[in-house]
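In the UniProt record's numbering, the protein residues as written are 1 to 598. Even glycine gets a Cβ: it sits at the ideal position worked out from N, Cα and C. Heads up, the thing below is written out as structure tokens.
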């Protein structure tokens, strides 16, 4: 019992530690997780998952994958389909077929696998990795349609690939005793049945949870446990009716819950996100620890050639053939053609089928894990660079997301936009939004604290958030909300009226965004100055007129706001980090109307 307990704790420690190290090193977490698992398992034998988990190992893996896909479904919005629906449909039909056929051909031709195992491997490799794609998209923040397309494909294609793998497996099991026509008809019948069961149970489970929450039949303290229980129950029930239809069930359930308007599911999503981090870390540690060194003794150049085949031939062919008549630009197609990392679903499904097939599946698991490692490494390390080269992203996004579109915010946004830096205003006030749009400023009318706001906003090119509303609580909550996107060091808010003194000000810095501008720059202070005639003045400094000269000219009443460097980079003033502009840079300050004219 003690060894089992120690092993379980070791899995959690290694999983969490690997993800922390990946964050510190700015590497894809899956790479570090696989290394940790491989070292703890086949290299040192510190972890032996089959011994401490026994027969419960793969049921636990299956349930964990179900929760991961449910959480992914919660992030999908129907509104995104208006612009990407045609492309997504092509990727999920033509793209899946092309990937399966070419991956199968490569496994048979390059790896020398039997036709049956090659077909199974090709089906497994249809899936991509939402656990890899999600963090990469949050890091890259690409502009345009490629982000939503990659997110939707990464989540929806997983249950499709899992169902396809099951159909191939059943064909392998019964193919010797069945005619080709009968086998085709049986596969079609099974596909329709799986789709009906998966979608039907997913919709029913989503409706049941929605109605229970809407009618307040579940106490607040039990909402997350009940949601978790219902997801797993629907998954198991679906699999009992049709094998591997459960992944489709939980994905459909997540999508429906995310897009209904009767109840709020933000707290459910937050709980699942935290659970996902633990599950992903634990799963990769356990699956990597199950590998054996002798499995990799046969890995040769042919395996690497197969990975190259997938990256350079299969994925580009699938993308180009499925987007032939779409509105995507060549640059967008190039990015999607270079973005198909595999993740936990491929690793888990291959491990399950290898266990069922025994010696007949030689090469299945090690090839899949090699594909996971190589695709995560290649795409994870190169996709951000490619996005920048194609103009979808920048290394250090300078754009501003400004919460609050009142007059001062609009003037500030205009100065930033005119400097060539992206800006987006968010406000619930219709007149403020209208005024911003009349000034040709990108604007979103909505609540910055609303559920799903991060998914609704186009954050391409944006790297910081300024909370400038007249409500201190809204500013604080907005800083907390967008810290998960931009990082705590890149979210700013006006100093609350209640935190002017140093004691509360320092406490605020620990729990909210960084405070903006000068020591006394509250909302009332800035707006009173602005209504009193103060304007934003942009001054280019030089050797003959430096920062000290500007201070002497405008006196202490001028409030330095930010610097625009010669490379169009933004440095924002904070009470703890006074600006030190250099010659050639532009200083933007709030000065009185008479000073602004000098």
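Considering only 513, 52 and 247, the residue with the shortest C-alpha distance to residue 6 is 52.
Counted as a single uninterrupted DSSP element, the stretch harbouring residue 488 is not any beta strand (DSSP E), since DSSP gives it neither H nor E. Counting along the chain, the unbroken alpha helix (DSSP H) around residue 69 starts and ends at 57-73.
With fewer than 16 other Cβ atoms inside 10 Å of its own Cβ, residue 45 counts as exposed. According to the DSSP assignment, residue 427 belongs to the beta strand (DSSP E) that extends over 423-427. In the structure shown, residue 264 falls within a coil segment according to DSSP collapsed to helix, strand and coil. When the Cα atoms are used, residue 262 and residue 207 turn out to be separated by approximately 10 angstroms. Per DSSP, residue 401 is not a residue of any alpha helix (DSSP H); the beta strand (DSSP E) it occupies stretches across 399-403. Take the alpha-carbon of residue 18 and the one of residue 36: they are about 7 angstroms apart.
By the neighbour-count criterion, in which 16 or more other beta carbons inside 10 Å mark a residue as buried, residue 192 falls on the exposed side. Taking all protein chains shown into account, residue 301 has fewer than 16 neighbouring C-beta atoms within 10 Å of its C-beta and is therefore exposed. Cβ contact annotation for residue 341 (same chain, cutoff 7 angstroms, sequence separation greater than five): 128, 129, 132, 133, 375, 376, 379 and 380, in chain order.
Counting only residues of its own chain and dropping the five nearest sequence neighbours on each side, residue 293 has a CB closer than 8 angstroms to the CB of 42 and 43. Rounded to whole angstroms, the separation of the alpha carbons of residue 319 and residue 334 is 9 angstroms.
Here residue 541 has 547, 550, 581, 582, 583, 584, 585, 586 and 587 as same chain residues with Cβ atoms under 8 angstroms from its own Cβ, once five neighbours each way along the sequence are excluded. The C-beta separation of residue 276 from residue 411 comes to about 42 angstroms, leaving the pair out of contact by the 8 angstroms criterion. In this structure, the straight-line span from the alpha carbon of residue 366 to that of residue 286 is close to 15 angstroms.
The straight-line gap separating the alpha-carbon atoms of residue 101 and residue 122 is approximately 7 angstroms. Here residue 113 is buried. Its C-beta has 16 or more other C-beta atoms within 10 Å. In this model, residue 416 and residue 425 are separated by some 12 angstroms (Cα to Cα). Residues 166 of the same chain have their beta carbon placed closer than 7 angstroms to that of residue 243, with the five preceding and five following residues left out of the count.
Boundaries of the beta strand (DSSP E) around residue 591: 586-591. The DSSP-derived three-state label of residue 480 is helix. Residue 322 is not a Cβ neighbour of residue 154, given a cutoff of 8 angstroms.
Residues of the same chain with a CB within less than 8 angstroms of the CB of residue 31, apart from the 5 flanking positions on each side, are 22, 373, 376, 377 and 380 in chain order. Distance between residue 246 and residue 238, taken at the CA atoms: about 5 angstroms.
The region 455-464 makes contact with the region 488-495; the number of CB pairs closer than 8 angstroms reaches 3 or more. Judged by DSSP secondary structure, residue 540 falls within the beta strand (DSSP E) whose first and last residues are 535-540.
Apart from the 5 residues on each side of it in sequence, residue 96 sits with its Cβ closer than 7 angstroms to the Cβ of 126, 157 and 160 in its chain, given in chain order.
For residue 465, there is no enclosing alpha helix (DSSP H); the enclosing beta strand (DSSP E) has its first and last residue at 462-467. Residue 283 and residue 38 do not touch by the CB rule: their CB atoms are close to 14 angstroms apart, not below 8 angstroms. For residue 260, same chain residues with a beta-carbon under 7 angstroms away, outside a window of 5 residues either side, are 210 in chain order. Within the same chain, 465 and 491 come within 6 angstroms of residue 482 by CB-CB distance, once the 5 residues on both sides are set aside. 332 is the residue among 190, 332 and 288 whose C-alpha sits nearest the C-alpha of residue 389.
Residue 559 is positioned such that its CB atom lies closer than 8 angstroms to that of residue 517. Between residue 84 and residue 142, the CB-CB gap reaches or exceeds 8 angstroms.
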